[in-house]
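FYI, in this note's numbering the residues of the sequence shown are 10 to 164. Notes follow the structure.
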Amino acid sequence: MGSSSAELGRIEQKIARARSAARRLFLCDGLGRLMASLCLFVAVTFVLDWWLDLPGSVRLVFLAAAFVLALYVIGRHMVYPIVAAIRDYDIAVYLERRHPELNDKLLSAIELSRPPANQREGTALANSPVLVEALVREAAEAAEGLDFHEILVRR
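Laid out in structure tokens, this is it:
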């Protein structure tokens with residue numbers, strides 16, 4: 010079982026690196042959205058202020074609105090995507106959809122190699138360790154040439 014755990018470890022390591030790269034991409038996307046929304050907001054308020062010669066109280070309302078907009082963009086497009094759980098299963102599902110030749114080997118290897126959440130300590134596994142080991146080995150071979158970073162759609 011030692012070689013299958015090493016192969017499973019390599020798969021999990023690739024998935025962890027893809028998850029980390031996805032979080033960095035979410036952060037960069039959120040920063041871009043923050044900059045774009047604040048620049049647009051500042052441009053619109055500048056034009057309104059220049060055109061209408063707004064009093065100081067309205068400018069303070071605009072400042073408060075800019076602060077609220079920044080908090081919204083930071084929360085919605087930076088914090089939430091970074092703290093949202095991206096499970097190994099989610100990444101495996103995406104890779105399986107992009108590569109039908111995997112035939113659910115990656116998903117099955119990830120699911121079956123982990124004990125069920127409701128399993129009590131000391132009880133026997135429901136899955137055959139030999140079959141799970143063979144499945145993990147097949148999944149590792151099938152996933153060897155895959156770039157797990159392709160889950161990142163860069164536009």
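By construction, the Cβ of each residue, glycine as well, lies at the ideal position given by its N, Cα and C atoms.
Nearest-angstrom Cα distance between residue i and residue j?
| i | j | result |
| --- | --- | --- |
| residue 32 | residue 90 | 7 Å |
| residue 12 | residue 88 | 38 Å |
| residue 30 | residue 158 | 7 Å |
| residue 107 | residue 156 | 11 Å |
| residue 63 | residue 24 | 53 Å |
| residue 116 | residue 138 | 16 Å |
| residue 9 | residue 66 | The requested residue 9 is not part of the displayed model; the chain covers only 10 to 164. |
| residue 77 | residue 93 | 22 Å |
| residue 19 | residue 97 | 13 Å |
| residue 109 | residue 26 | 22 Å |
| residue 68 | residue 52 | 13 Å |
| residue 59 | residue 38 | 31 Å |
| residue 56 | residue 79 | 20 Å |
So, is residue i buried or exposed, given that buried needs 16 or more other C-beta atoms within 10 angstroms?
| i | result |
| --- | --- |
| residue 86 | buried |
| residue 14 | exposed |
| residue 111 | buried |
Of the residues the options, which one's Cα is nearest the Cα of residue i?
| i | options | result |
| --- | --- | --- |
| residue 99 | 19, 61, 92, 28 | 28 |
| residue 141 | 154, 124, 41 | 124 |
| residue 154 | 121, 104, 43 | 104 |
| residue 73 | 94, 95, 47 | 47 |
| residue 84 | 42, 69, 19 | 42 |
Given residue i, which residues of its chain have a CB within under 6 Å of its CB, disregarding the five upstream and five downstream residues?
| i | result |
| --- | --- |
| residue 75 | 50 |
| residue 118 | 144, 145, 148 |
| residue 114 | 147, 148, 151 |
| residue 82 | 42, 43, 46 |
Heavy atom of the ligand NAP less than 8 Å from the Cβ of residue i, yes or no?
| i | result |
| --- | --- |
| residue 21 | Looking for the ligand NAP in the displayed structure turns up nothing, as the structure carries no ligands at all. |
Give every residue of the same chain whose Cβ lies closer than 7 Å to the Cβ of residue i, excluding the five residues on either side of it in the sequence, and list them in chain order.
| i | result |
| --- | --- |
| residue 16 | 145, 146, 149 |
| residue 8 | Here the chain covers residues 10 to 164 and nothing more, so residue 8 does not appear. |
| residue 121 | 136, 141, 144 |
| residue 71 | 54 |
Excluding the 5 residues flanking residue i on each side, which residues of the same chain have their C-beta closer than 8 Å to its C-beta?
| i | result |
| --- | --- |
| residue 40 | 87 |
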